[in-house]
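Residue numbers (mature numbering (1 follows the signal peptide of the UniProt record, and there is no 0)): -26 to -1, 1 to 134. Cβ coordinates follow ideal geometry from the N, Cα and C atoms, glycine included. Accompanying notes for the structure given below.
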């Protein structure tokens, strides 16, 4: 004998399962479920390099403390992960003379966040001068975020 509430509950479970599966593919948030999509496009690989973090100083009188090399907004890793930024700003050695907006990729970040993290070289700093391809500075939201092990002195691979 089947209780009266059994069929409606089964229907409700089916509807909820359908809703979950319909939205769980990650397409709304740029999540990647195929591991091969975490590989970095690019022709030149550098490594190991040291990944370090910096953050905008909005209370500074110097625009250079909260804008990139061409006085544009710094986009942080956290903004990108929240789908509020088109890319993450990174800084590299000014002596490399990389073109502004050069696409970069760090496969370790892609694997950690399980999605492609789009990086663009749009910043530089005197502290990076002479470092060549041995260091990349990634923009994060706050000083506290810069302490995260994934962006603090991590040895990674850089693909340009």
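query: Identity of the residue in 53, 45 and 132 nearest residue 97 by Cα; result: 45
query: Residue 36 in three-state terms, based on DSSP; result: coil
query: Whole alpha helix (DSSP H) elements within the region 43 to 89, 4-residue minimum; result: 51 to 55 and 81 to 87
query: Supposed contact pair residue 29 and residue 115 - C-beta distance, whole angstroms, cut 8 Å; result: 6 Å
query: Whether residue 142 touches residue 95 by CB criterion (8 Å); result: Only positions -26 to 134 of the chain appear in this structure, which leaves residue 142 out of reach.
query: 8 Å contact criterion, which residue 135 and residue 85 should meet: CB distance rounded; result: Residue 135 is absent from the structure shown; the chain starts at -26 and stops at 134.
query: DSSP state of residue 115 mapped onto helix, strand, coil; result: coil
query: Rounded straight-line distance, which links the Cα of residue 65 to that of residue 110; result: 6 Å
query: Host beta strand (DSSP E) of residue 97 (start-end); result: 93 to 97
query: Those residues which DSSP pairs with residue 24 across a bridge; result: 109 and 129
query: Backbone CA spacing between residue 123 and residue 26 [nearest angstrom]; result: 10 Å
query: Outcome for residue 18 when other beta-carbon atoms lying within 10 angstroms are tallied against a minimum of 16; result: exposed
query: Close-in-space but distant-in-sequence residues of the same chain around residue 61 (CB under 7 Å, 5 per side omitted); result: 49, 54, 92, 93 and 94
query: Beta-bridge partners of residue 41, as assigned by DSSP; result: 47
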